[in-house]
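Residues in the sequence shown are numbered consecutively from 81, following our numbering. Structure first, commentary second.
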Amino acid sequence: MTVTEERTATATRPMVRAEGVTKRYGPVEVLKGIDLTVAPGEVTCLLGPSGSGKSTFLRCINHLERIDGGQLWVDGELVGYRRHGDKLYELKAREVARRRRDIGMVFQRFNLFPHMTALANVVEAPVRVLGTPRERARAEAARLLERVGLADKAGSYPGQLSGGQQQRVAIARALAMHPKLMLFDEPTSALDPELVGDVLDVMKGLAADGMTMVVVTHEMGFAREVADNVAFLDGGVVVESGTPAEVLGDPKHERTRAFLDKVL
Ligand code: ADP
Ligand code: MG
Numbered sequence: 081m082t083v084t085e086e087r088t089a090t091a092t093r094p095m096v097r098a099e100g101v102t103k104r105y106g107p108v109e110v111l112k113g114i115d116l117t118v119a120p121g122e123v124t125c126l127l128g129p130s131g132s133g134k135s136t137f138l139r140c141i142n143h144l145e146r147i148d149g150g151q152l153w154v155d156g157e158l159v160g161y162r163r164h165g166d167k168l169y170e171l172k173a174r175e176v177a178r179r180r181r182d183i184g185m186v187f188q189r190f191n192l193f194p195h196m197t198a199l200a201n202v203v204e205a206p207v208r209v210l211g212t213p214r215e216r217a218r219a220e221a222a223r224l225l226e227r228v229g230l231a232d233k234a235g236s237y238p239g240q241l242s243g244g245q246q247q248r249v250a251i252a253r254a255l256a257m258h259p260k261l262m263l264f265d266e267p268t269s270a271l272d273p274e275l276v277g278d279v280l281d282v283m284k285g286l287a288a289d290g291m292t293m294v295v296v297t298h299e300m301g302f303a304r305e306v307a308d309n310v311a312f313l314d315g316g317v318v319v320e321s322g323t324p325a326e327v328l329g330d331p332k333h334e335r336t337r338a339f340l341d342k343v344l
């Protein structure tokens, strides 16, 4: 490849590409052929009723589930496999761990270490996993807490923070690993309504800074304002995808319309 070709390939390589991804739990096929492309720097919101497979799909992207069929790439690398010539080999646990470092995930429940301060929660992974010198990790953690609006809470324990504050610490903790992709699974669903806005504002800031994000959410305002693409899932497939104006403003499928009628 020439340098120009290589640049073009990098510039156009999707951050996530799913082609016909299937996943079953025992006899039940939960993902029935997911097709989705997320370009670098873009925000994709996944919408859909409970049980449609949104969390399962995020878990597949993050190497937490093995897919049964189709193909799934993150940043050009097949999830779960390494290609050698025309053969595929399953990744070893160490290689899976290495790739997962590049993906940040934020869950509905914040899962902070309860016995550690906000700062220590953010410092932990870079020091342990990346080998970042503790002083440098602390300085960066302080900057990240400032970025999520919690500079003054560095010394607080999770139990002393509101749900929204804990979720913002969780976001800072994920960012401390310098992920190239951030996955959010209903990050505001467990929060009291008055705490949702601060978390969404942090996510908007991340989007504005160019972070590639896949966000499962029921916050239609966020999807409309921030998403480059919206995908509506139902029954383990992407029923409809496009810009927020297309999917939210002018849905083509009856199932999308019925869902939006309920949540809007
Ligand atoms: P969503 O996030 O859209 O609500 P999920 O991905 O959590 O949907 O779940 C999709 C379907 O898969 C549901 O019917 C759920 O019960 C089932 N499911 C999810 N995880 C498991 C599991 N570990 N074992 C068996 N079934 C599961
Ligand atoms: Mg879910």
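All C-beta atoms, glycine included, are put in the ideal place defined by N, C-alpha and C.
Residue of the options minimising C-alpha distance to residue i
i       : options                               : result
Asp-115 : Asp-265, Gly-106, Leu-126 and Thr-292 : Leu-126
Asp-155 : Ser-132, Leu-275, Tyr-105 and Leu-261 : Leu-261
Met-293 : Arg-214, Gln-240 and Ala-119          : Ala-119
Ala-350 : Ser-242, Leu-224 and Lys-134          : Only positions 81 to 344 of the chain appear in this structure, which leaves residue 350 out of reach.
Leu-158 : Asp-272, Gly-277, Arg-97 and Val-282  : Arg-97
Leu-263 : Gly-113, Lys-103, Ile-141 and Pro-94  : Ile-141
Glu-215 : Val-209, Glu-226 and Val-203          : Val-203
Asp-272 : Val-249, Ile-183, Tyr-161 and Gln-188 : Gln-188
Leu-144 : Pro-259, Asn-309, Gly-160 and His-258 : Gly-160
Val-110 : Ala-288, Val-282, Gly-149 and Arg-180 : Gly-149
Inter-residue spacing [alpha-carbon to alpha-carbon] between residue i and residue j
i       : j       : result
Thr-212 : Pro-206 : 6 Å
Gly-106 : Arg-146 : 13 Å
Val-317 : Leu-192 : 32 Å
Val-108 : Gln-151 : 19 Å
Ala-270 : Asp-166 : 45 Å
Val-327 : Thr-117 : 16 Å
Val-276 : Met-300 : 13 Å
Val-339 : Glu-274 : The question names Val, but residue 339 in the sequence shown is Phe. Their Cα atoms are separated by approximately 25 Å.
Gly-285 : His-333 : 32 Å
According to DSSP, residues forming a beta bridge with residue i
i       : result
Ala-98  : Leu-116 and Leu-152
Ala-311 : Leu-126 and Ser-321
His-164 : Lys-167
Glu-109 : Arg-104
Leu-158 : Trp-153
Asp-265 : Val-296
Gly-184 : Met-262
Assigned exposure category for residue i - 16 Cβ within 10 Å defines buried
i       : result
Ser-130 : exposed
Val-101 : buried
Met-81  : Residue placement at Met-81 cannot be trusted, given a pLDDT of 47 that sits under 50; what the coordinates show is reported in the next sentence. Flag for Met-81 reads exposed.
Arg-253 : buried
Gly-128 : buried
Leu-360 : Missing from the structure shown is residue 360; the chain here goes from 81 to 344 and no further.
Lys-233 : buried
Gly-244 : buried
Ala-320 : The amino acid occupying residue 320 in the given sequence is Glu; Ala does not appear at that position. Its Cβ being crowded by 16 or more others within 10 Å, Glu-320 is buried.
Minimum Cβ-Cβ distance from residue i to chain B less than 9 Å
i       : result
Arg-178 : No chain B appears in this structure, which consists of one protein chain only.
Original post:
Would the region 229-237 and the region 194-201 be scored as touching if the rule is three or more Cβ pairs under 8 Å?
Top reply: yes
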